[in-house]
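To convert, count from 1 in the sequence shown and add 20; that's my numbering.
Backbone N, C-alpha and C fix where the C-beta goes; we use that ideal spot for every residue, glycine too.
A short write-up of the structure that comes next.
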Amino acid sequence: MFIQPKYIGLVMFIVLFSCDSKNKNMDTIKNTWEQLVNSKTIDEEVKVIKQLREASKENDFSFTLFILDESGNKIHYNDFDNQKIKSVSVDFYVNDSEYNGKNWKPLDVNNISLLFLE
C-alpha cells in the first residue's frame with residue numbers, strides 16, 4: 021500500500037502535535053507542583069491547589085497521593101495529623117507519562133483534602 025506524500029506530512033504533524041501536547045501537559049503539572057512546594061502562605065497554597073485541580077480537569081490526568089511520616093512510612097489519608105507529616109508526594113499520570121511530585125509540606129494539613137474536591 022502506498023501513502024501519498026501529502027498524507028505523510030499530515031500524519032507526521034498529528035503525531036508531533038500529540039507528543040508536544042503531552043509534554044506541555046506534564047510541564048504544566050511540574051510547574052504547578054513546584055509552585056505548591058514553594059508556597060509561602062496558606063492562601064498561596066490554596067490558590068495553587070485550585071490550579072492543579074483545574075489542570076486535572078483540562079488535561080485529563082489522574083494522580084495517586086502519598087503521605088509520609090517522619091520515619092518515611094506511608095500514612096493512610098484518614099490517619100494523619102499535622103505532627104506526623106513529613107511530606108506529601110503525588111504521582112501524576114497523563115496518558116503514558118508520569119511525574120512524581122515530592123516534598124510538599126502543607127502549610128495547612130486541611131489543604132491536602134482540597135486536592136480531591138471537584
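From Glu118 to Thr84, what distance separates their C-alpha atoms?
-> 11 Å
For Tyr27, is the classification buried or exposed, using 16 other Cβ atoms within 10 angstroms of its Cβ as the cut-off for buried?
-> Its pLDDT being 42, under 50, Tyr27 is placed unreliably by the model, and the measurement read from it follows with that caveat. Answer is exposed; the Cβ neighbour count stays below 16.
Please check the pair Leu135 and Ile49, which I expect to be a contact at CB under 8 Å, by giving their CB distance rounded to whole angstroms.
-> Leu135 to Ile49, Cβ: 13 Å. No contact.
Do the region 126 to 135 and the region 71 to 85 make contact, defined as three or more Cβ pairs closer than 8 Å?
-> yes
Which residues bound the alpha helix (DSSP H) around Val68?
-> Note, Val68: alpha helix (DSSP H), 62 to 79.
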